[in-house]
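S.K.: In my numbering, the protein residues as written are 3 to 519.
Backbone N, C-alpha and C fix where the C-beta goes; we use that ideal spot for every residue, glycine too.
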């Protein structure tokens, strides 16, 4: 997608560069005359604008463990409201940090990051994930559920493991490594538990995406002498060899992770074909495939994550490589790494890089706000249609004005890019009518029939200027945005958008005459 910079799009410019689609006038279910070419607005802007909301160690939400349920809920609403004010159209919320749950689960215990004690439900009872979804969706924001696939206990944990934690129910699957517990990816019960947990959420909750992070086999733990401690999977490795397995140990570990990634991808889409599955791996690729001058940690050799394979085979709907370095980083140049992952995208999936926005802080090593703004600009210049901020805390706190700066970058609304490989069927043409608001002679209320679309995309023209607006489709009546000093709307074009981002044919809605307002 080209750089979405201008708040308004001048009609003459857009006509010169667009092939106008066929538009029809629809009012109260009746089709009217074809729209004249000079009434055609530009295509809807497309960009995935998201932030991660981390629950592990209470990074983002809840702000600390054991808060009253009412305060937890207030924080959810505050985060979603801030996301809307900035212009984000998606949130990626961590719901399974350590084989636990920040939602009502029959499979895993309540997380201690929520209530302060693993296994204890919020009091009074409520379902945090259901609230996250409801608050996001009523603002037209996507909600992706984020899972850690293999971590069983984080080093920050303080409470005892609940009786139904997998370390107690299936101890053979859990290995102590460093100061944490991990599911052994080679143990069948580990992979099955992770898959069951993900599918449970996919089936029971109206999430828009399933998301896993960069922790596969754990990051290496070092000894005092600087050497690395190997992951303690001797028993599962011995069983594999006894069964006749012929892979080298490193390839066997990678095959274990590959199998889970492929199973998640196919199973999620079997449950709900429109769900997007995303992965946010470490941002540097395989050492033997890297461009000249790129250096650093090898997730291929240490985490056993064969990300290039997953991307090439299309086992995901979006890849969010964590490009947590400045643009001019000598060993990890941002633009070179972005080009690298784009180059492996032979299946045509989304590439939405992660930005280290939380590196803006009060320390001497703080990044500038310009660094993040420049990464947004570079990503757009490369034709990449989305990005994700880590993490929401920096935006909530508006560190050094970063939230204000991003709100300026996102001042033009945008739809999430479509995923046509999931489905390319457009929604039905909407039926809509506009009516006046008696309290404002320049305001218009838009009524949709029926009101069951995911999103409503609206272009409103005042004079020669088109302004774009995105609204949740569940509302039967929505107000066309106006600002102080705006004149009357003289043209209105509407479409609806489904859950995979496919836009319907557009319709032109007659605007009430000034005298009827």
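What residue from 329, 322, 112, 341 has the CA that sits closest to residue 291's CA?
M.R.: In the chain shown, the residue the question calls residue 291 occupies position 289. The residue with the shortest Cα to Cα distance from residue 291 is 341.
S.K.: Output the boundary residues of the alpha helix (DSSP H) element that contains residue 270.
M.R.: On the chain shown, position 268 is the one that residue 270 refers to. Counting along the chain, the alpha helix (DSSP H) containing residue 270 begins and ends at 251 to 273.
S.K.: Tell me which residue opens and which closes the beta strand (DSSP E) that residue 248 is part of.
M.R.: Counting from 1 along the chain shown, the entry for residue 248 is found at position 246. First-last for residue 248: undefined, no H or E at that position.
S.K.: Using 8 Å as the cut-off, can you tell me whether the region 46 to 57 makes contact with the region 419 to 435, which would need three or more C-beta pairs spanning the two stretches below that distance?
M.R.: With a cut-off of 8 Å, the region 419 to 435 and the region 46 to 57 count as touching, because enough Cβ pairs lie within range.
S.K.: Of all the options 381, 124, 322, 496, which has the alpha carbon lying nearest to the alpha carbon of residue 329?
M.R.: In the chain shown, counting from the first residue as 1, residue 329 sits at position 327. The shortest C-alpha separation from residue 329 is found at 381.
S.K.: Helix, strand or coil, according to DSSP, for residue 179 in the structure here?
M.R.: The residue you call residue 179 lines up with position 177 of the chain shown. Strand at residue 179.
S.K.: Assign residue 29 to one of three DSSP states: helix, strand, or coil.
M.R.: For the purposes of this step, residue 29 is identified with residue 27 of the chain shown, where counting begins at 1. At residue 29, the pLDDT of 31 sits below 50, so the modelled position is not reliable; the number obtained from the coordinates is stated separately. Here residue 29 sits in strand by DSSP.
S.K.: For residue 372, does the three-state DSSP call read helix, strand or coil?
M.R.: Position 370 of the chain shown, counted from the first residue, corresponds to residue 372. Residue state, collapsed to three classes: helix.
S.K.: May I ask you to list the residues that DSSP assigns as paired with residue 95?
M.R.: As a working mapping, residue 95 is identified with position 93 in the chain shown. Beta-bridge pairing links residue 95 to 55, 147.
S.K.: Give, in chain order, every unbroken run of the alpha helix (DSSP H) that is at least 4 residues long and sits entirely within the region 268 to 320.
M.R.: 301 to 304, 309 to 315
S.K.: Relative to the alpha-carbon of residue 274, which residue among 361, 446, 137, 210 has its alpha-carbon at the smallest distance?
M.R.: As a working note, residue 274 is residue 272 in the chain shown. Ranking the options by Cα distance to residue 274, first place goes to 210.
S.K.: Check whether the region 345 to 352 touches the region 402 to 413, taking contact to mean three or more Cβ pairs, one atom from each stretch, closer than 8 Å.
M.R.: At 8 Å Cβ cutoff, the stretches do not touch.
S.K.: Taking the alpha-carbon positions, what's the residue 80 to residue 120 distance?
M.R.: As a first step, residue 80 is located in the chain shown; it is residue number 78 there, counting from the start. As a first step, residue 120 is located in the chain shown; it is residue number 118 there, counting from the start. Going by the C-alpha atoms only, they are around 25 Å apart.
S.K.: Taking a contact to mean a Cβ-Cβ separation below 8 Å, would you say residue 138 touches residue 104 in this structure?
M.R.: For the purposes of this step, residue 138 is taken as the residue at position 136 of the chain shown. For the purposes of this step, residue 104 is taken as the residue at position 102 of the chain shown. Taking 8 Å as the Cβ cut-off, residue 138 and residue 104 do not qualify as a contacting pair.
S.K.: Give me the Cα-Cα distance between residue 141 and residue 78, rounded to the nearest whole angstrom.
M.R.: Mapped onto the chain shown, residue 141 falls at position 139. Mapped onto the chain shown, residue 78 falls at position 76. Taking the straight line from one Cα to the other gives about 13 Å.
S.K.: According to the neighbour-count rule (16 or more other Cβ atoms, all chains shown, within 10 Å of its Cβ), is residue 126 buried or exposed?
M.R.: Numbered from 1 along the chain shown, position 124 holds the residue referred to as residue 126. Exposed is the call here.
S.K.: Is it right to say residue 367 is buried, meaning 16 or more other beta carbons lie within 10 angstroms of its own, or is it exposed?
M.R.: Residue 367 sits at position 365 when you count from the first residue of the chain shown. Label assigned to residue 367: exposed.
S.K.: With distance defined between alpha-carbon atoms, name the residue in 97, 480, 259 nearest to residue 310.
M.R.: Along the chain shown, one-based indexing puts residue 310 at 308. Among 97, 480, 259, the Cα nearest to that of residue 310 is on 259.
S.K.: Ordered along the chain, which non-local residues of its own chain (more than five positions away) have a Cβ less than 7 Å from that of residue 317?
M.R.: Sequence index remark: in the chain shown, residue 317 carries index 315 (1-based). By the criterion of a C-beta distance shorter than 7 Å, residue 317 is surrounded in its chain by 263, 264, 267, once the five residues flanking it on both sides are discounted.
S.K.: In angstroms with no decimal places, state the Cα-to-Cα distance between residue 464 and residue 493.
M.R.: Position 462 of the chain shown, counted from the start, is the residue given in the question as residue 464. Position 491 of the chain shown, counted from the start, is the residue given in the question as residue 493. C-alpha separation (whole angstroms): 7 Å.
S.K.: For residue 472, which residues from the same chain have a beta carbon less than 7 Å from its beta carbon, with the 5 sequence-adjacent residues on both sides left out?
M.R.: Indexing the chain shown from 1 puts residue 472 at position 470. Same-chain partners within the cutoff: 142, 415, 417, 457, 459.
S.K.: Would you identify the three-state DSSP class for residue 365, choosing helix, strand or coil?
M.R.: Taking the first residue of the chain shown as 1, we reach residue 365 at position 363. Correct three-state label for residue 365: coil.
S.K.: Please classify residue 515: does DSSP put it in a helix, a strand, or coil?
M.R.: Along the chain shown, one-based indexing puts residue 515 at 513. Residue state, collapsed to three classes: coil.
S.K.: The alpha helix (DSSP H) spanning residue 434 covers which residue range?
M.R.: Counting from 1 along the chain shown, the entry for residue 434 is found at position 432. Not the alpha helix (DSSP H): residue 434 falls in the beta strand (DSSP E), residues 433 to 439.
S.K.: CB-CB under 8 Å to residue 109, same chain, minus the five flanking residues each way: which ones, in chain order?
M.R.: Residue numbering aside, residue 109 sits at position 107 when the chain shown is read from its first letter. Cβ within range, chain order: 103, 195, 198, 199, 202.
S.K.: So, for residue 252: in the same chain, excluding its five sequence neighbours on each side, which residues have a beta-carbon less than 8 Å away from its beta-carbon?
M.R.: What you label residue 252 is simply residue 250 of the chain shown in a count that begins at 1. For residue 252, where only same-chain residues beyond five positions count, the Cβ hits under 8 Å are 303, 306.
S.K.: Which residues in the same chain as residue 403 place their Cβ atom closer than 8 Å to its Cβ, once the five residues preceding and following it in sequence are excluded?
M.R.: On the chain shown, residue 403 is found 401 positions in, with the first residue counted as 1. So the qualifying residues of the chain are 371.
S.K.: Give me the residue from 488, 387, 409, 514 with the minimum Cα distance to residue 549.
M.R.: In the structure as shown, the chain starts at 3 and stops at 519, and residue 549 therefore has no counterpart that could be examined.
S.K.: Are residue 158 and residue 216 touching if we call contact CB-CB under 8 Å?
M.R.: As a position in the chain shown, residue 158 is number 156, starting the count at 1. As a position in the chain shown, residue 216 is number 214, starting the count at 1. Between residue 158 and residue 216, the C-beta spacing is not below 8 Å.
S.K.: With a threshold of 8 Å on Cβ separation, who are the neighbours of residue 82 within its own chain once the five nearest residues in sequence on each side are excluded?
M.R.: The residue labelled residue 82 in the question sits at position 80 within the chain shown. Counting only Cβ-Cβ distances below 8 Å, and skipping sequence neighbours, we find 93, 134, 137, 138, 141, 143.
S.K.: Would you mind listing the alpha helix (DSSP H) stretches within the region 372 to 420 that are 4+ residues and don't spill past its ends, in chain order?
M.R.: 394 to 398, 404 to 411
S.K.: Quick check: what's the CA-CA separation for residue 462 versus residue 451?
M.R.: Residue mapping note: residue 462 aligns to position 460 of the chain shown, counting from 1. Residue mapping note: residue 451 aligns to position 449 of the chain shown, counting from 1. One C-alpha to the other measures close to 19 Å.
S.K.: Applying the 10 Å Cβ sphere with the 16-neighbour rule, what's the burial state of residue 34?
M.R.: In the chain shown, the residue the question calls residue 34 occupies position 32. In this prediction, residue 34 scores a pLDDT of 36, lower than 50, which makes its location untrustworthy; the coordinate-derived value is nonetheless stated afterwards. So residue 34 counts as exposed.
S.K.: State the start and end residues of the unbroken beta strand (DSSP E) segment that holds residue 211.
M.R.: Indexing the chain shown from 1 puts residue 211 at position 209. Element bounds for residue 211: 211 to 214.
S.K.: Taking only the alpha-carbon atoms, compute the straight-line gap between residue 568 and residue 172 and give it to the nearest angstrom.
M.R.: The structure shown does not extend to residue 568, since the chain is modelled only from 3 through 519, so no value can be given for it.
S.K.: Count the other CB atoms, across all protein chains shown, that sit within 10 Å of the CB of residue 437; report buried if there are 16 or more and exposed otherwise.
M.R.: Here residue 437 is taken as the residue at index 435 of the chain shown, counted from 1. Flag for residue 437 reads exposed.
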